[in-house]
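Notes follow the structure.
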Amino acid sequence: MASLSFDRIGKTYDDGTVAVANVSIDLGDGEFVVLVGPSGCGKSTLLRVAAGLEYPDAGRLLIGELDVTDREPGDRDIAMIFQNYALYPHMTVFENMAFGLQQRRTPKAEIERRVTEAARTLDLARYLHRKPGMLSGGQRQRVAMGRAIVRHPAVFLMDEPLSNLDAKLRVQMRAELKLLNQRLGVTTLYVTHDQVEAMTMGDRVAVLKPVGSTAESNLQQIDTPQ
Ligand code: ADP
Ligand code: ADP
Numbered sequence: 045m046a047s048l049s050f051d052r053i054g055k056t057y058d059d060g061t062v063a064v065a066n067v068s069i070d071l072g073d074g075e076f077v078v079l080v081g082p083s084g085c086g087k088s089t090l091l092r093v094a095a096g097l098e099y100p101d102a103g104r105l106l107i108g109e110l111d112v113t114d115r116e117p118g119d120r121d122i123a124m125i126f127q128n129y130a131l132y133p134h135m136t137v138f139e140n141m142a143f144g145l146q147q148r149r150t151p152k153a154e155i156e157r158r159v160t161e162a163a164r165t166l167d168l169a170r171y172l173h174r175k176p177g178m179l180s181g182g183q184r185q186r187v188a189m190g191r192a193i194v195r196h197p198a199v200f201l202m203d204e205p206l207s208n209l210d211a212k213l214r215v216q217m218r219a220e221l222k223l224l225n226q227r228l229g230v231t232t233l234y235v236t237h238d239q240v241e242a243m244t245m246g247d248r249v250a251v252l253k254p255v256g257s258t259a260e261s262n263l264q265q266i267d268t269p270q
């Protein structure tokens with residue numbers, strides 16, 4: 045568990061596109077912050093910077109007191125959950141959840157312990173031997189969560205994780221994700237362009253605007269929803 049701080053982050057792509065300019069956001073330990081704003085305002089870029097999939101050309105990224113700005117993705121205590129959760133279809137639920145830990149050479153007994161624990165938390169214990177094709181959309185989404193949870197990260201990054209689900213399931217998964225954040229106490233940065241999602245899920249909502257030619261920062265405001 046730890047806080048996450050974007051400290052005056054800037055990111056300009058190689059073709060000259062300024063995606064993020066001078067953005068500072070502090071997420072408290074265990075806090076759930078939702079990031080909103082129109083398409084192209086830099087939401088994904090900011091998440092990718094946090095995940096280490098892009099490196100900023102200005103500013104620092106801190107997890108707790110630790111400066112992780114220059115660290116590899118695998119070397120920062122962060123797990124990212126994408127909208128296209130791309131489970132491995134030929135692997136069981138257990139194997140899908142275990143995969144990342146195996147890559148990290150986690151001992152087998154520890155993998156079993158963590159996957160079993162995550163499966164219990166996510167109500168997937170009965171499905172560990174199934175393949176993703178035999179699961180519902182909500183269950184598949186939970187397996188994707190499981191892959192992140194088993195790593196016991198300090199921070200979750202979620203990039204529109206519910207946008208592929210139908211309306212009913214989306215409402216249900218909102219509540220589940222929020223509960224999970226509270227139960228595990230994992231600091232979470234959540235990107236959406238769904239206003240209702242932002243208002244109902246966020247402890248705070250950070251609003252980005254597109255970088256203008258003269259913008260000093262594209263962080264417009266950060267508020268606590270009513
Ligand atoms: P959002 O997630 O809010 O839609 P993005 O972070 O995807 O915004 O994009 C921010 C800006 O950066 C946009 O103008 C987008 O076109 C541009 N952009 C994103 N990725 C790249 C890239 N790899 N190379 C160049 N420009 C990019
Ligand atoms: P292997 O024989 O390849 O060493 P295991 O004997 O550990 O693998 O597991 C065989 C299968 O049983 C795995 O593919 C996995 O799907 C499942 N499995 C292993 N451990 C558990 C567990 N704790 N809970 C549920 N399923 C498990």
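So this note's numbering is basically just the index in the sequence shown, starting at one, shifted up by 44. Backbone N, C-alpha and C define an ideal beta-carbon position, used for all residues, glycine too.
Starting from residue i, follow the alpha helix (DSSP H) in both directions and report where the run begins and ends.
i	result
GLN270	Element bounds for GLN270: n/a, residue is neither H nor E.
ALA94	87-95
ALA144	Note on residue identity: the sequence assigns Gly, not Ala, to residue 144. Run containing GLY144: 137-147, per the alpha helix (DSSP H) assignment.
MET202	Careful: MET202 lies outside any alpha helix (DSSP H), inside the beta strand (DSSP E) at 199-203.
VAL187	181-193
LYS55	Looking at the DSSP string, LYS55 is not in any alpha helix (DSSP H); the run it does join, the beta strand (DSSP E), is 48-56.
ALA242	239-245
VAL159	152-165
Determine the closest residue to residue i out of the options, with distance taken between C-alpha atoms.
i	options	result
LEU110	ALA198, ILE266 and LEU263	ALA198
MET217	GLN264, ALA188, LEU145 and VAL230	ALA188
GLN265	ASN66, THR56, LEU213 and LEU224	ASN66
HIS310	GLU220, PHE200, VAL137 and ARG158	Coverage of the chain is limited to positions 45 through 270, which leaves residue 310 absent and any answer about it impossible.
PRO117	PRO269, PHE200 and LEU79	PHE200
SER88	TYR57, ASP121 and LYS222	TYR57
ASN208	ALA130, LEU106, ALA123 and ILE69	ALA130
GLY84	LYS253, LEU263 and LEU106	LYS253
Assuming residue i and residue j make a contact with CB atoms under 8 Å, what is their CB distance in whole Å?
i	j	result
ARG52	ALA102	6 Å
VAL251	GLY81	6 Å
LEU90	PHE126	Contact flag wrong, Cβ pair sits at about 15 Å.
LEU79	VAL235	5 Å
PRO205	MET243	In fact, because the Cβ distance is near 17 Å, the residues do not count as touching under 8 Å.
Between which two residues does the beta strand (DSSP E) carrying residue i extend?
i	result
LEU28	Nothing in the structure corresponds to residue 28, since the chain is present only between 45 and 270.
ARG104	102-107
ALA130	It is not in any beta strand (DSSP E) - ALA130 carries neither H nor E in the DSSP assignment.
THR232	231-235
ASP70	62-71
ALA250	248-252
MET124	122-125
VAL112	Note, VAL112: premise wrong, no beta strand (DSSP E); not H, not E.
LEU168	Careful: LEU168 lies outside any beta strand (DSSP E) and carries neither H nor E.
Considering only their Cβ atoms, is the gap separating residue j from residue i smaller than 8 Å?
i	j	result
ALA63	LEU233	no
VAL77	ARG248	yes
ASN140	PRO176	yes
GLY108	ALA46	yes
LEU279	ARG186	Residue 279 is absent from the structure shown; the chain starts at 45 and stops at 270.
VAL194	ARG158	yes
GLY229	GLY74	yes
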